[in-house]
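Down below is the structure, laid out as structure tokens.
Protein chains in written order, with my numbering: chain A, 1 to 203; chain B, 204 to 406; chain C, 407 to 609; chain D, 610 to 812.
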């Protein structure tokens, strides 16, 4: 764990930043980053910790399936399996899962997928601001983490690093913790935008 | 009081956190935690203190009815009686009362009770995200604390730790100060969600 | 000025607090408190200072008409006259003027006065949460400070410490800086509430 | 660069302030200020830096066209060219570019220009709160910086220091970094106001 202390500190700082943005109310949401030793293993948020007071010791090491390595004080978030599945599927180095209100409202409004197109902020996701745009996939929620992981693996759009989980929140990933956090900020902006755009343009 | 200083410090920190979230404007709202000496007695917010600058000395000790133990500098919030009634009724260890806008709007919109169902964030209240969901009780406001306490005791839903008081705010409780604060964050998220969901889905 | 340094420090702290709440964008808004020497004289915000970085030296001493005492580095806000008029008219010890969005929207929506009634948060203004409620006066804006002061003097409702200025903002007063700031927080809550209540209850 | 260190520190502080206001999500937006040596040259935000953690070393020096002076560690934002064009066209000393949601929504709602009139907050832009008001120009977005600069040069309204870029954000300028930041706060307030005013006044 000492080798990973820098990452654990950044995991905690990113968590508190995302809490301050309003997306990790109570103990909700979780963040992960691959370990230095093995890029398939994760440092992931501990389960049941208030996000506003997350500290470096609230990081748990898991294997490539998202199950805790033995002998640790805290348990990982149950959703660690989903983080591991995303890392495996897309080769991401960090994953953010938040209960952003924008993501839940958009998933209900557009259950077949949310179209994001023609807006500059798309570049914040490594996407193009021009052309036909992107469909952000929406999957149904599940309390079974194998199920939820499979749904997300099947739904993933390789062109845009977001998946929405209906009635739940979203997953966003990137090449580093900072990249995943930056993209989460862009994702929320874009989802707020499509929702507000519709509200503003009502007759 | 010195025995309880750690709790008073946490009471003040929780108060300032809830203020920062926008739910304790001016001197509104109050927080309580049972004392270490007697789990029916409370440390509760002093009356008339600006919430943004609440300090540990702004905690007042009350008896099991919410009346101040003699010889203290500050007076407890008048609503201490309601906190004591909730602690007595459900065996909670901490109670939060806030004037969250979401709670007041939801109580007016659904005066017979607010249905919360099928959303992941319910797990933040110790509830299930699946199944039929829950009805959050709504009681009428009163300036008589005996009255208000009775209404809340009668209305309590043992399956969900929230009561809304119409034209006023909400009470949320838990097994510790941190738990009650976490649940308050989840409660506000869920109430915002039902209100916004309706707004977004208007034709 | 040194005698007043404690008040100037509190004036700056209150200003930054109200900025953080979003009501003093750019250099907008101003705050005043009566001086210790003469309760008709004011310490008032200097003109043209960015509110987020207001310091104790950005307080200017004025006479009972709101005109600057000679020999000071900064000029007082032009609206100091209005502050002085309110202090004279109601005997307040501190006045807050903010460009809260809620106050501008409510003044346009209800140009004949905003009815606030039957909501607990009214107690934060020293008002009753029961009964018929209160009409918050709305006056037209003016660039002539004598004019604006006169309008406000004539419109004042002695039962509620708020006046809205259409297309501009609101004035709120109290018995101390902290009291006026607390009341400003309650006033904004109440104005947001009447606006949102109407939005939520649309068919 | 050492001569400019004070400006670089203020550039970073202003950036973090605008991030805290929600207008520079992820790595979006950029800020510039003319250099002390040459008022046509700029210190401008580096490309690809997370705005919440911007530091003084994330400032890049450019020439009068917005192209980086050689030998610097970071690359300037691609939009540095647009900043340089605005400085050249209007003689501003500082330019702010943000992805404020209000600016994007207003540009779509009023593609022929946004009318701002009769509101006190206009004085925060150096404009009059009385009279006929102002039309804030809206230009189409472009990924070609020469194109975007030209559109902005042609569209500029000399009477109000804002240009909106549709589906993108806005540029605001002033006589100093602090002035440009203050004006950005006023611009967002005014754009929010016209959008909310319409929402509130719907039948």
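All C-beta atoms, glycine included, are put in the ideal place defined by N, C-alpha and C.
These figures come from a predicted structure and were not determined experimentally.
Counting only runs of 4+ residues, the alpha helix (DSSP H) found wholly inside the region 486-526 of chain C occupies 486-496, 507-515, in chain order. If you ignore the 5 residues before and after residue 677 (chain D), its C-beta comes within less than 6 Å of the C-beta of 669, 671, 685, all in its own chain and listed in chain order. Chain A places no beta carbon closer than 8 Å to that of residue 625 (chain D), leaving this residue out of the contacts. At a cut-off of 8 Å between beta-carbon atoms, residue 590 (chain C) makes no contact with chain D. Sequence-distant Cβ neighbours of residue 213 (chain B) in its own chain, meaning closer than 6 Å and more than five residues away, are 380.
Around the beta carbon of residue 202 (chain A), fewer than 16 other beta carbons lie within 10 angstroms, which makes this residue exposed. For residue 375 (chain B), there are no neighbours in chain A by C-beta distance under 7 Å, as the nearest C-beta there is about 11 Å away. One finds 733, 791 in chain D with Cβ atoms closer than 7 Å to the Cβ of residue 433 (chain C), taken in chain order. Interface criterion met: the Cβ of residue 52 (chain A) is under 8 Å from a Cβ in chain B. Listed along the chain, the chain A residues whose CB falls inside 7 Å of the CB of residue 208 (chain B) amount to none; the nearest CB is some 19 Å away. Three or more Cβ pairs drawn from the region 440-456 of chain C and the region 489-503 of chain C lie within less than 8 Å of each other, which places the two stretches in contact. Residue 457 (chain C) sits buried, since 16 or more C-beta atoms from the chains shown fall within 10 Å of its C-beta. Here residue 746 (chain D) carries a coil assignment [DSSP, helix/strand/coil].
With its beta carbon less than 8 Å from one in chain D, residue 118 (chain A) belongs to the interface. Taking the Cα of residue 390 (chain B) as reference, the smallest distance to any Cα among B:277, B:316, B:325 is reached at B:325. Rounded to whole angstroms, residue 541 (chain C) and residue 289 (chain B) show a C-alpha spacing of 36 Å.
Pairing residue 577 (chain C) with residue 521 (chain C) gives a Cβ-Cβ distance that is not under 8 Å. Between the region 424-432 of chain C and the region 383-401 of chain B there are fewer than three inter-stretch CB-CB distances shorter than 8 Å, so the stretches are not counted as touching. At least one C-beta of chain D is nearer than 8 Å to the C-beta of residue 510 (chain C). The C-beta of residue 418 (chain C) comes no closer than 8 Å to any C-beta of chain B. Here residue 76 (chain A) is bridged, per DSSP, to A:46. By the rule that beta-carbons nearer than 8 Å mark a contact, residue 344 (chain B) touches chain C. By the CB criterion at 8 Å, residue 655 (chain D) and residue 716 (chain D) fall outside the cutoff. Contacts between residue 802 (chain D) and chain C, judged by CB atoms closer than 7 Å, involve 507, 510 in chain order. Separation of residue 162 (chain A) and residue 31 (chain A) (C-alpha to C-alpha, rounded to the nearest whole angstrom) is 14 Å. Using a CB distance cut-off of 8 Å, residue 169 (chain A) counts as an interface residue toward chain B. If you check each beta-carbon in the region 348-368 of chain B against every beta-carbon of chain C, none falls closer than 7 Å. Judged by DSSP in its simplified three-state form, residue 169 (chain A) adopts strand. In the three-state reduction of the DSSP assignment, residue 199 (chain A) falls in the helix class. Residue 468 (chain C): member of the beta strand (DSSP E) spanning 465-468, first to last residue. Here DSSP, grouped into helix, strand and coil, assigns residue 162 (chain A) to strand. Sixteen is the threshold: when 16 or more other Cβ atoms of the shown chains lie within 10 Å of the Cβ of residue 667 (chain D), as they do, the residue is buried.
For residue 149 (chain A), the uninterrupted alpha helix (DSSP H) run begins and ends at 145-155, by DSSP. Short of 8 Å from the beta carbon of residue 518 (chain C), and not among the five residues preceding or following it, lie these beta carbons of its own chain, in chain order: 544.
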